[in-house]
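Following: one structure in structure tokens, then a few remarks.
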Amino acid sequence: MDSLYIVLIVLLVVIAGLVLFGFKWLKKQPTMRQPQEKREPLEAKVEPEFTEIQPQEPQVSVKENKESEVKINPTESLPEKPLVNEKECDQEHQSTDVSLDFENVGLIEFDKNQDGLPQVDSFIDEVFKIQFKNPIPGKLLVAELSAFREFNENSYIRFYAFDDNQKHWFVPDSIGVFSSVLIYLQPVTGKGQLDDLSVAKFYQILQQVELEFEGIMDGPDQMDVLERIKKLSRFIQEYGAQISLLIRSARKISIDEFEKVCSEVGFKRCDSKHYEKVGELLVDEDGKRVGNRKGILACRYIDENNTVISLLVGLSLPEKDPLRELVIATNAISAMLDGEIFCGNGSEIDNAMFSTVRSEMKVFYDSMRKAGVEPGSLTAHRLLD
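Here numbering that gives the first Met the number 0 is used: the first residue of the sequence shown is 0, the next is one more, and so on.
See the structure below:
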């Protein structure tokens, strides 16, 4: 019996060995793997090359030549043909911020009297004077006046102080000694206006300066300033008009090309999409350049196919035929941008519109004079810029 058990054990060991060997052998056979999706080798893939994509020229439908109806040759006499039948108010008109840097009077230089003070424009300006009990070092005065900076966003403020040593008015600095200060406030500009709360705070700061230096303040009442703000706001709403022409280009115009064209025709950069015609050169009494008055033309990049040229009507001098200047500039820019000229509202130009616009402009200028401001004057530029 013992030998029988031994034989059975040996047989079991042999069978187990065969089963184990067979399992390992079957595992190595590829025919026993689960079927997989057929994959193409990497070499079979073909990536598209750039040479396969051919650039195409934009398809432009060429219209019949209607230059006599749209284009105006600046070398010829201006035909009686209007370019827009309505005045457009642009509330997005952007002007360069005026700094309250005490070394700089401002962007616009004003006529001054023999004492070095700018002439007061009674239509626009409010003037405050604080007479100090004792002369104040410039460093202290400048520090106190810096509190007015916050009002510069929506108004225009200028400061002049009387130097007690040199007996003359100057923009206050840190090295002078001053016995009084004048504050010129223009509460309404083309970029905004002071609201009621701002005016109240402005008077609080005036009182602080007055008390700090034991001064005596002389100036208009707060209610008078608020009434002037209402009056000037109505004026800007009524006379901040523009006449606009639209240039539609047959091809896409990049901002870089737009900027290059505007520069070539004499426009000055305000930002990458806004250029303005450089205005009249301003010089001081010694003939030194102090800046440029704002131009009357503005050019704006709308999109790749549309550019707008605008005439700022209230800033223009009627005797210089501003409508003709608009036409000449528009023709020059349109030719360089391969464009056609339309009215500002997108409608086509017809032969009756030019004389209509001229008549409307004459009425506009007469009304502006009756309101107390000469078209194209410094007062107009200060308000409508």
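Ideal Cβ placement from N, Cα and C applies to all residues, glycine included.
| query | What is the DSSP secondary structure of residue 379, reduced to helix, strand or coil? | reply | Three-state DSSP puts residue 379 in a helix.
| request: Return helix, strand or coil for residue 180, following the three-state DSSP convention. | output: strand
| query | Based on the DSSP output, what are the partners of residue 217 in its beta bridges? | reply | According to DSSP, residue 217 bridges with 128.
| Which two residues bound the contiguous alpha helix (DSSP H) that contains residue 210? | 195-211
| request: Express the C-alpha separation of residue 271 and residue 126 in angstroms, rounding to a whole number. | output: 37 Å
| Three-state secondary structure assigned by DSSP to residue 174 | coil
| Distance, Cα to Cα, residue 255 vs residue 207? | 50 Å
| Does the beta-carbon of residue 276 have 16 or more other beta-carbons within 10 angstroms, so that it is buried, or is it exposed? | buried
| query | Based on Cα-Cα distance, which residue from 227, 244 and 298 lies nearest to residue 262? | reply | 298
| query | Under 7 Å, do residue 131 and residue 178 count as touching if we go by C-beta distance? | reply | yes
| query | Do you know offhand how far residue 218's Cα is from residue 236's? | reply | Distance between the alpha carbons of residue 218 and residue 236 is about 27 Å.
| query | Just how far apart, CA to CA, sit residue 379 and residue 316? | reply | 10 Å
| Where does residue 71 sit, in a helix, a strand or coil, going by DSSP? | Note that residue 71 has pLDDT 33, beneath the 50 cutoff, so the model's placement of it is unreliable and the number below is only indicative. In the structure shown, residue 71 sits in coil (DSSP, three-state: anything other than H, G, I, E or B).
| Which of helix, strand or coil does DSSP assign to residue 251? | coil
| Integer-rounded CB distance, given that residue 322 should sit under 8 Å from residue 314 | Wrong, their Cβ atoms sit about 13 Å apart, outside the cutoff.
| Rounded to the nearest angstrom, how far is the Cβ of residue 231 from that of residue 382, given a contact under 8 Å? | 7 Å
| query | What is the DSSP secondary structure of residue 118, counted as helix, strand or coil? | reply | Reduced to three states, the DSSP call for residue 118 is coil.
| task | State the CB to CB distance for the pair residue 341 and residue 348, rounded to an integer number of angstroms; the pair is presumed to be in contact (CB under 8 Å). | result | 7 Å
| field | Residue burial classification, residue 222 (beta-carbon count within 10 angstroms, cutoff 16) | value | exposed
| said: To the nearest angstrom, how far is the alpha carbon of residue 164 from that of residue 174? | reply: 11 Å
| Taking residue 224 as the reference, which of 169, 335, 129 and 199 has the closest Cα? | 199
| request: Tell me, to the nearest whole angstrom, how far the beta carbon of residue 159 is from that of residue 181; I am working on the premise that it is less than 8 Å. | output: 5 Å
| task | Could you spell out where the alpha helix (DSSP H) holding residue 334 opens and where it closes? | result | 321-335
| field | Bridge-paired residues (DSSP) for residue 277 | value | Under DSSP, no beta-bridge partner is assigned to residue 277.
| Which listed residue (170, 187 and 134) has its alpha carbon closest to that of residue 226 | For residue 226, the nearest C-alpha among the options comes from 187.
| How should residue 141 be labelled, buried or exposed, when 16 other C-beta atoms within 10 angstroms of its C-beta is the threshold for buried? | buried
| Can you give, in chain order, each stretch of the beta strand (DSSP E) that sits fully within the region 139-163 and has at least 3 residues? | 155-162
| When 260, 330 and 366 are compared against residue 300, the one with the closest alpha-carbon | The residue with the shortest Cα to Cα distance from residue 300 is 260.
| field | Start and end residues, beta strand (DSSP E) containing residue 307 | value | 305-311
| query | Alpha carbon to alpha carbon, what distance is there between residue 355 and residue 80? | reply | Residue confidence for residue 80 is low, a pLDDT of 35 falling below 50, so the modelled location carries little weight and cannot support an answer.
| message | Am I right that residue 209 and residue 129 are in contact with their C-beta atoms under 8 Å? What's the rounded C-beta distance? | response | The pair is a contact, with the Cβ atoms about 6 Å apart (cut-off 8 Å).
| task | Please classify residue 136: is it buried, with 16 or more other beta-carbons within 10 angstroms of its beta-carbon, or exposed? | result | Only exposed fits residue 136, as fewer than 16 other CB atoms lie within 10 angstroms of its CB.
| Assigned secondary structure, residue 191 (DSSP; H/G/I helix, E/B strand, else coil) | strand
| request: Kindly indicate the opening and closing residues of the alpha helix (DSSP H) around residue 386. | output: Coverage of the chain is limited to positions 0 through 384, which leaves residue 386 absent and any answer about it impossible.
| query | Is DSSP giving residue 108 helix, strand or coil here? | reply | For residue 108, the pLDDT reaches just 44, beneath the cut-off of 50, and the residue's location in the model is therefore unreliable, although a value from the coordinates is still provided. Of the three classes helix, strand and coil, the one that applies to residue 108 here is coil, per DSSP.
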